[in-house]
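Those protein sequences? They're chains A, B and C, same order as listed. Residues in the first sequence are numbered from 1 upward in steps of one, following the working numbering. Residues in the second sequence are numbered from 157 upward in steps of one, following the working numbering. Residues in the third sequence are numbered from 447 upward in steps of one, following the working numbering.
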Amino acid sequence: MHARAEIEFTLNGVKTRTAVPADMSALAMLREVLKLTGTKYGCGEGECGACTILVDGTSVNSCLMFAVDCDGRELVTIEGIVSQPRGEALRRSFVEHGAVQCGFCTPGVMVQASHLLDANPAADAQAIKRALEGNLCRCTGYRKIVEAVEAAAQAE
Amino acid sequence: MGPGIERYVAPRTLDEAAGLLRGGNVTLLAGGTDLMPQTQAGRAQFQPVLMNLRRVPELTGIEQRGDAIRIGALTTITQLMQSALVRERLGVLWQACDHFASDQIRNAATLGGNVCNASPAGDTLVPLLVLDARILLARKPNGAALQWRAIPAAEFFTGPGKTKRAPFELLAAIEIPLPAAAFYQDFYKLGTRPGLDISGISIGLGAVREANRLRGVRVAFGAVAPTPIRAPRTESLLEGKPLDAATIEAAAEAAAAEVHPISDVRASAWYRVEMIRNNLRRMLEDARPR
Amino acid sequence: MGAAEKPRTPESLIGKRIPKLDAPEKASGRTRYLQDIDLPGELHAKILRSTQVHAKIRSIDTSVAKALPGVHAVITAADVPWQRPIGVAKDHLPLKTDRVRSLRDEIAAVAADSEEIAEAALRLIRVEYESLPPLTNALEAMKPGAPLIHPEPHGANGSPALKPGAPVAFAGKPDNVAMTFDYHQGDVVQGERESDVIVEDVFRLHYVTHCCMGVSGVIADFDPGGNLLLYSNTQVPFLHKREFADMLGIDPGRVRIIQPPIGGGFGSKLDIYPFEPIAIFLAKITRRPVKLVFTREEEFLASPTRQPVLLKLRSGCRKDGTLTFRTVETVHDNGAYTSWGATTPFVMMQTISSLYRVPHCRYHTVAVYTNNPYAGSFRGYGNLQATFAVEAHMDKLADALGMDPLEFRLRNAQDPGEVTPQGMHFKTCGLKECLSTAAARSSYREKRREYAAQRADCNPVKRGVGMASMLHVGGGAKIYPSDGCGTILKIDDFAHVTLITGASEIGQGSETVLSQLVCEELGLPLSSVTVVNNDTDITPWDVGVHASRTTFIAGNSAIGAAKKAKAKIFAAAAAKSGHSEDALDLRGAHVVLKASGEPVFELGKLIRSLHFSDKAELVMTTHYYEPPSKHQDREFKGDVSAAYAWATQVAEVEVDTRTGIVRLLKITGAHDVGRVLNRLGIEGQIEGGVVMGQGYALTENLIVEDGAIRNPAFRDYKLVTAPEMPDMDISFIETMDGEGPQGAKGVGEAPAICVAAAVANAIENATGVRITSLPFTPERVYRALHGELAAPVWEASA
């Protein structure tokens, strides 16, 4: 068994303290310890982006991040994203533009899109496609996702 | 599965980190993008101590020191791409970063991690060879102050996942001699996607362009040998010669003869050799003054 | 809206862009997929799989694993002597008894307090094997004297010996032939005689797999009375309810399947796979809820694949461009067990016989057992493979005649009203319009000439266009005794509708389109419908989500229920108002006069007056829709679907001859969809299908060597990513099918089917090189361009 470490961080704006095994991923901590299931397991290897979260304002695959490394940092998950104006606008745009089918990749795509627009509010289709390279979607063929992000960018 | 992690430590200074490392039995954690999947899949085992380097300030930052650029080992790929110094002076490295995995991974993965992981296909390694980078290692013998040594990147890699770093040494930084302003740099990675592919082969080219000649030529290849390699015969064929069709053809052929790739799920050895030849040829054609 | 206010002119919902009803939840991360559900007291299960491709199991020692703290059960076949074989041919025991036949084979399973403990326990199980010669080439497996994969009958009781009274798992096979299919029409010998041009090629179609973003999983839970509750991602809950009941020896009424929202289906969940019964066994033995969820690696290793096929096609035509005959032989690598992949000839022979008019056809398939992974059903169901071959020959024959390939296709295309020799009746058929539309919008003729002329120039980057068409069932497929779907519809006192349908939502948007059809019928806004569609204790029977059937079949069922409700409302309104029923209509939640739109009753009020009266009635209706299709006869002839969908796609590609990298620049598609119901939804289906077809053509390749999958991760199993997506120009050809709901046909599978065939033709246009094996990875294309690619050969001696 692995040692546990006590860690403290901000999660969606709320100070959070928990103890985690040293080998645990941030994804497992979110889903299994903190029961925030909006962040999805898709591959566990950083290849699909379904587990994307923001850490100190930058997007990462939470499946590749050690939970202990969350100590002292600021985490935002899909649950936090959609409670902010940009996330709300993205959600509306995803719904209106048909960017959601089975929806399993959607939370990760939303977080990544939100991170893109934080950095580049005027992102065009080309920039959006590049930014979403690490988010696999098996249903939509990406077109409606790109349109949804583009529309949200233009609405800002 | 191994004995498991007995202790998690997150040192705050390089001195502290190097001191902890001296005790041995340490797994180093930087970005985690390689360590996590490797340990989860059982391909790597944890040592009794997991040391998170992320809180060590001396391992961060990109700065010019005299005629060299020092890049802290914890610098993420995204930070490299955002650096004007890297973009303007280390173009071959910047291009490789642009072809590095996905945004999410670029935001977490570190240059030091990519170097220590020593994959033959590691995206940043070929540029480091082209740039004549030096790997700076720090260690702290018992009771003594920090000691440093520098190893040229071309000598640092000894096999897949293997380097000259000793277990008690910390890769602290990469030092790159500032290339001349006229230093021409180009990078190519074979893949169908902008970044997410593991490279089938990669090629780095650097040289000072003088009229129609290349001088100080450096050519490096990835994914064609157990480590990223420089191509001395190809380089010498190009050195100082007029960059005409005959030179280019000779260099492309020499490169094809100089690499000894393996066949795996990504490509056959035959195809890799073809790709080295064809793409080096194209890069040299692009390098001709217009 | 007040009763005095005149309802606006009715605005039809049909053809509008209707956002998916479940999208807001999903985009907020609030949707609870199976993976997100935890039941109190739940245990976590893991499966031990074979490390050998083909071997006898000498012994299994679980004693150390059982002693690990936190382990509740470790089971092998010996613990479930009552287990029964699963799968299409019932040749597959969930837990293997005496023999393993592929690397995915399940040997033992653990239920523990956590996944980590279950994994640790797996590592403590000792299995002794006696290796058997592996058989990983289907052609070798067909040869006389080849080692047998299912040599003898085996029992289900965990011992190799058959015991009197104990269930027999599988009767055994004297050879490695799992299934054969033979079909013929006309006389191919005569067809050859009548031909001026004959071409023949061997095509090799590869392994790909579904890669649903949500990995497979199940939760099994028994109540104290022994009734089973299963949380399942299945696409066919009612069929599986019965199978699980049979397996447990209980009445099917005691099995309840709840389908939480699902992270992708695409046909992968049409069969029962061993992990489901194994979770059930563990739940039964531990008397605790048991959750079993795959890792992504396990998903690659132990999920079904698309059917790999070796296909020999011989085709002919006359000088005037009329097709004369087609002869097809295929070898299907069945893998170790039989699932739906073996039955893809049902669809393949339709394309062979009826995509274009061909008088003489012969089709023959042998599905052969090997020690490879086994194939299931996958969006398109054999049609990608058949279309790849047929459309390659359409170009080849046209080129041999010097005829424009579009012209050649138009000459042989089906027309509305046609009944094909295979018995399919094309009541509507938009193929010719699909062909002309896709060709015109892509400038196919001009570009094809232009690009062919550029082949010899010095630019190393070539361009090409290629065309392919497809035919697929679009009105269900009568495979099972019934192809129907039931609906229960109730309208409450406030005119809110609850639509209870048998049709499962798997992300494709059925919930939304069914609501739309009901609202259209009842003149209600979409906000007045709630859909219940995921619980077999509540929903009426449906055969399942497959064969592009849900919009068509469940749609007609929902409309039928809505029409009955409407009739009841009109009868009541007529009785109360004195207007004739025929004069009434429903608009804007009101009963109105059809002619003037003048409101007669507010709907809620009318329903309340029915409810709270002496007669005390509610508006509740049911409807079961069975399509007017026929089962095929023993010669595979019959009108198996109530409608047929058509499409033509033109692919434009760029080929870098220095690397072999092919970029798909654009797909111009024209799809006969009957009628567009939800424009947003149908665009999403088509775009997603096109990109899935692109993956099949260019990037996806499940590499199976010596029975082992070499690339069980997204790193090397390459799904198409956002930057690779092509431009798409999609036209909808609306042929208004008479049987379809509001004229619509099913389209779920159609868009994925002809991409690879169109890309192959485009590469040929760009480079002059015809490649007959997939996928078009850079190395394969580069080799082909340099004469270094061995063409597939036909060596079967059968």
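We put the CB at the ideal spot given by N, CA and C, even for glycine.
Of the residues the options, the one placed nearest residue i, counting alpha carbons only
i                      : options                     : result
residue 142 (chain B)  : A:74, A:128, A:107, A:35    : Since the displayed chain B opens at 157 and closes at 446, residue 142 (chain B) lies outside it and no answer follows.
residue 977 (chain C)  : C:556, C:950, C:480         : C:950
residue 460 (chain C)  : C:935, C:991, C:1125, C:522 : C:1125
residue 483 (chain C)  : C:899, C:737, C:1211        : C:737
residue 463 (chain C)  : C:728, C:599, C:930, C:972  : C:972
residue 1223 (chain C) : C:1164, C:1187, C:1184      : C:1164
residue 161 (chain B)  : B:200, B:170, B:386         : B:200
residue 659 (chain C)  : C:672, C:837, C:679         : C:679
residue 359 (chain B)  : B:244, B:365, B:430, B:398  : B:430
residue 534 (chain C)  : C:1188, C:785, C:582        : C:785
residue 501 (chain C)  : C:758, C:907, C:903, C:544  : C:544
residue 1187 (chain C) : C:922, C:1047, C:1216       : C:922
Amino acids of chain B, ordered along the chain, whose beta-carbon sits closer than 7 Å to that of residue i
i                      : result
residue 114 (chain A)  : Here the premise fails: no neighbours, minimum Cβ distance about 12 Å.
residue 1157 (chain C) : 421
CB contact check: residue i to chain C, cutoff 9 Å
i                     : result
residue 157 (chain B) : Caution applies to residue 157 (chain B), whose pLDDT of 48 falls short of 50 and renders its modelled position unreliable; the value that the coordinates give is listed next. With 9 Å as the cut-off, residue 157 (chain B) counts as an interface residue toward chain C.
residue 309 (chain B) : no
residue 250 (chain B) : no
residue 197 (chain B) : yes
residue 162 (chain B) : no
residue 431 (chain B) : yes
residue 75 (chain A)  : no
residue 204 (chain B) : no
residue 349 (chain B) : yes
residue 346 (chain B) : yes
residue 171 (chain B) : no
residue 79 (chain A)  : yes
Closer than 8 Å at the beta carbon, the chain B residues around residue i
i                      : result
residue 97 (chain A)   : What residue 97 (chain A) touches in chain B: nothing, since even the nearest Cβ is about 21 Å away.
residue 1162 (chain C) : 354, 421, 422
CB contact below 9 Å: residue i versus chain B
i                     : result
residue 803 (chain C) : no
residue 65 (chain A)  : yes
residue 140 (chain A) : no
residue 149 (chain A) : no
residue 58 (chain A)  : yes
residue 130 (chain A) : yes
residue 515 (chain C) : no
residue 71 (chain A)  : yes
DSSP beta-bridge partners of residue i
i                     : result
residue 272 (chain B) : None; residue 272 (chain B) has no bridge partner.
residue 645 (chain C) : C:761
residue 352 (chain B) : Answer is none; residue 352 (chain B) lacks a bridge partner.
residue 304 (chain B) : B:294
Contact with chain A by residue i, beta-carbon distance below 9 Å
i                     : result
residue 956 (chain C) : no
residue 217 (chain B) : no
residue 258 (chain B) : yes
residue 448 (chain C) : Model confidence at residue 448 (chain C) stands at a pLDDT of 43, short of 50, so the residue's coordinates are unreliable and nothing is read from them.
Within chain C, the residues that residue i reaches when beta carbons sit closer than 9 Å
i                     : result
residue 51 (chain A)  : The contacting residues do not exist; residue 51 (chain A) stays about 11 Å from chain C at best.
residue 405 (chain B) : Correct list: empty, because the minimum Cβ distance to chain C is about 14 Å.
residue 146 (chain A) : 1168, 1171
residue 30 (chain A)  : The contacting residues do not exist; residue 30 (chain A) stays about 11 Å from chain C at best.
Interface partners of residue i on chain A, CB under 9 Å
i                     : result
residue 708 (chain C) : 102, 104
Partners in chain C for residue i, counting only beta-carbon separations shorter than 7 Å
i                     : result
residue 427 (chain B) : 1225, 1228
*Which runs of the beta strand (DSSP E) fall wholly inside the stretch 1088–1148 of chain C and span at least 3 residues, in chain order?*
1090–1102, 1107–1118
*Counting only runs of 4+ residues fully inside the stretch 545–633 of chain C, write out the alpha helix (DSSP H) ranges in chain order.*
561–568, 584–588
_I'd like the ranges of any beta strand (DSSP E) spanning at least 3 consecutive residues and lying wholly in the stretch 1015–1087 of chain C._
1030–1033, 1036–1039, 1045–1048, 1065–1071
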